[in-house]
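Take a look at the structure below.
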Amino acid sequence: MKFFEEKRKEVMGHIEKFMLEKMNEYLKPIDTIWQPSDFLPDASRDTFFSEIKEMQESARGLSYDLVAVLIGDTITEEALPTYESWLTMVEGVSDNEEGGWMKWTRHWTAEENRHGDLLNKYLYLSGRVNMRMMEVSTQYLIADGFDIGTGHDPYRNFIYTSFQELATNVSHRRVASQAKKDGDTLLSKMCGVIAGDEARHAKAYKYFIEKIFEVDPNEAMLAFEDMMRKKIVMPAHFLREVGLKIGQTFGHFTDAAERLGIYTAIDYVDILKELIEDWHIESVTDLKEDGEKARDYIMNLPNRLLRVAERMKNPMLEYKFSWIYG
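Each residue of the sequence shown is one higher than the one before, counting from 0 in numbering that gives the first Met the number 0.
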């Protein structure tokens, strides 16, 4: 175990310099990147209340399921303290408070923090959301934490974040598209810029894993196999409402997303295919016997999952969330 941890730290030290070289590509300058106030009514202007009225009129056209998905996405984004504390516990990250990986973690967190800020304010101003119920769910999600099966292993953690950032990109992008169809162009723009951030962040984490495959291919392959055997769970899988047990609301949230086509089982398979292609899994060399078996499992997995996904029925049971008025 000690050797395992030391090897991981050594690899993290090796790829740190590549991360720092690319950091300005994957994260944008703070002074020029968008901020939530760029999209929201300005309370100092005389037009503030009329702009809010316009927002609320547009928000009334959003379907119930779309509002539910948007709230679930917002709560997921607002559980950011959990994700930051989790990343700081990864092997090789917090060894040096002023080191490159801690710098990455803080700057990544700073960019992600804007997402929850923007969506929370939109939902508050929309007039359709019981904010107290939503806020209780957010506090529960942060307090309950999560268990995503990665431990402190950087390989498993970066595989997870690669997958998860791609998934959030899909979700926000589809919400943006659906909001536009429902007549809310402002919400569409908001979710579009958030999706753009997630796409950049996914590119970063995929790059980190790409560099890990170059120097430690067998262990990287085993980590990839392990994460896919466990199945990538969403960071909000403990989502709940007042009076419910941990995780009881999450299934209803994902059902709403599935019904709308915001994020589906097919999307899960498509993301896996993208990672297999981007990490050149089929052509990775220097694998041991267990690594070759892991590769075989990964390469065969998309077709297996696709067969399962195609047999799944679209969930029709509608659920009344405590978060939404009416």
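Built from N, CA and C at the ideal position, the CB exists for glycine as well.
- Secondary structure at Ile275: helix, using DSSP grouped into helix, strand and coil.
- Secondary structure at Ile208: helix, using DSSP grouped into helix, strand and coil.
- Of the other Cβ atoms in all chains shown, 16 or more fall within 10 Å of the Cβ of Arg258; this residue is therefore buried.
- Using a 10 angstroms sphere on the CB of Lys287, the tally of other CB atoms stays under 16, which defines it as exposed.
- Taking the C-beta atoms as reference points, Val169 is found nearer than 9 angstroms to Tyr262.
- Val214 carries a helical assignment under DSSP once its states are collapsed to helix, strand and coil.
- Judged by DSSP in its simplified three-state form, Ile29 adopts coil rather than helix or strand.
- At least 9 angstroms separates the beta-carbon of Phe223 from that of Ile270.
- In the three-state reduction of the DSSP assignment, Ile231 falls in the coil class, being assigned neither a helical nor a strand state.
- About 6 angstroms separates the CB atoms of Met18 and Phe207; that is less than 8 angstroms, so the two are in contact.
- Taking the Cα positions, Arg105 is about 40 angstroms away from Arg306.
- DSSP, reduced to helix, strand and coil, places Val128 within a strand of the structure shown.
- With a beta-carbon spacing of about 5 angstroms, Val10 and Asp215 fall inside the 8 angstroms limit used to define contacts.
- Counting only residues of its own chain and dropping the five nearest sequence neighbours on each side, Leu124 has a CB closer than 6 angstroms to the CB of Ile51 and Met54.
- A buried status is given to Leu117, since no fewer than 16 other beta-carbon atoms sit within 10 Å of its beta-carbon.
- Tyr82 and Thr46 have their C-alpha atoms spaced approximately 38 angstroms apart.
- Boundaries of the alpha helix (DSSP H) harbouring Gln163: Pro153 to Lys180, taken from the DSSP string.
- Using a Cβ-Cβ distance cut-off of 8 angstroms, the region 58-68 and the region 232-239 are not in contact, since fewer than three pairs of beta carbons, one from each stretch, lie closer than that value.
- Taking a cut-off of 8 angstroms for Cβ pairs, the region 68-75 and the region 129-139 touch, as three or more such pairs fall below it.
- In this structure the region 270-284 does not lie against the region 95-105, because fewer than three pairs of beta carbons, one per stretch, are closer than 8 angstroms.
- In the assembly as shown, Met226 is a buried residue. Its beta-carbon has 16 or more other beta-carbons within 10 Å.
- Ile323 is bridged by DSSP to Val128.
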